[in-house]
Each structure stands twice: as structure tokens, then as C-alpha cells.
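Accompanying notes for the structure given below.
Residue numbers (the working numbering): 3 to 150.
What follows is the structure, encoded as C-alpha cells:
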């Protein structure tokens with residue numbers, strides 16, 4: 003049963019045939035093709051925007067959610083979440099470094115009023131850097147095409 007088969011199909015040991023049984027390779031290729039066909043639509047589901055239902059035990063408090071957002075209002079007042087920071091810029095670094103969420107994440111978001119001076123935003127960025135924040139993001143509203 004495990005003998006050498008010749009070109010003419012007879013089982014003689016004179017001429018070995020170097021042939022590959024491609025049936026199993028074709029089966030594997032079809033399985034891979036079906037796998038990719040099933041997996042491809044799943045990759046596009048990330049782009050669909052859905053609203054996830056709320057679970058009773060998974061509620062996020064306002065403090066936990068907002069504390070990594072540093073807000074600057076039109077007057078130049080700076081807030082960590084909803085809590086105002088001191089008017090003294092030197093104290094900002096200590097106040098920001100004391101925030102556990104900023105410490106854990108190593109990142110913060112700056113939400114500035116459109117009329118605030120850039121120098122004020124720069125002061126907040128420097129304080130965040132001194133507090134150990136390595137990543138800073140900016141919160142913006144999406145601009146519509148007809149707005150200028």
C-alpha cells in the first residue's frame with residue numbers, strides 16, 4: 003500500500019514519480035477562503051456608530067468621566083473637570099499631579115473656548131507636562147461644511 007507508483011500506474015520500483023497530492027491543499031485553500039469571506043464583514047462593523055445600552059452595575063460617575071478634561075472658559079479660568087483650579091499658575095502643576103485619573107492615564111484633554119488666548123492654553127499645556135502628562139488631546143466641535 004505504501005509502494006512507489008510509476009507513470010503508467012504500475013507498482014514497480016524502477017521509476018519513482020514525484021507527484022504532490024493537491025486534494026488536501028485545495029481543501030485547505032477553500033477553508034481559508036471561507037474563513038476570510040466570513041471575517042471580512044466583521045472588520046467593517048467597527049465603523050458603525052451604535053448607542054450601547056447602560057448596565058446597572060457599570061455606571062460611570064461624572065467625576066470619573068470628566069476629570070481628565072481640563073477646560074478653559076472665555077475669561078481664562080481653568081477647570082479640572084468641573085472644579086476650578088487656583089488662579090496661581092504655579093499651583094496648577096501640583097493640582098494636576100494630584101489627580102489620580104491623570105496620573106493613571108498619563109494623558110489629558112484640553113477643552114478651550116474659541117475666544118481664549120493661545121498663551122493661556124500654552125500655560126495649561128506646560129503645567130500638564132510638568133505634572134507628568136505625556137499625551138494631550140484637544141476637544142473640538144465638528145465643523146460643518148457650510149460654516150466658515
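Backbone N, C-alpha and C fix where the C-beta goes; we use that ideal spot for every residue, glycine too.
Helix, strand or coil at residue i [DSSP, three-state]
{"i": "residue 138", "result": "strand"}
{"i": "residue 79", "result": "coil"}
{"i": "residue 22", "result": "coil"}
{"i": "residue 85", "result": "strand"}
Extent of the continuous alpha helix (DSSP H) run through residue i
{"i": "residue 123", "result": "120-132"}
{"i": "residue 93", "result": "91-99"}
Residue j beta carbon less than 8 Å from that of residue i
{"i": "residue 122", "j": "residue 78", "result": "yes"}
{"i": "residue 120", "j": "residue 139", "result": "no"}
{"i": "residue 130", "j": "residue 87", "result": "no"}
{"i": "residue 113", "j": "residue 71", "result": "yes"}
{"i": "residue 80", "j": "residue 40", "result": "no"}
Opening and closing residue of the beta strand (DSSP E) in which residue i lies
{"i": "residue 110", "result": "109-114"}
{"i": "residue 73", "result": "71-74"}
Cutoff 8 Å; reference residue i; Cβ partners in own chain excluding five residues on either side
{"i": "residue 108", "result": "134, 135, 136 and 137"}
{"i": "residue 91", "result": "125 and 129"}
{"i": "residue 93", "result": "87"}
Integer-rounded CB distance, given that residue j should sit under 8 Å from residue i
{"i": "residue 132", "j": "residue 95", "result": "4 Å"}
{"i": "residue 141", "j": "residue 74", "result": "With a Cβ gap of about 11 Å, residue 141 and residue 74 do not count as contacting."}
Contact set for residue i: own chain, Cβ-Cβ below 7 Å, skip 5 residues either direction
{"i": "residue 76", "result": "115, 117 and 118"}
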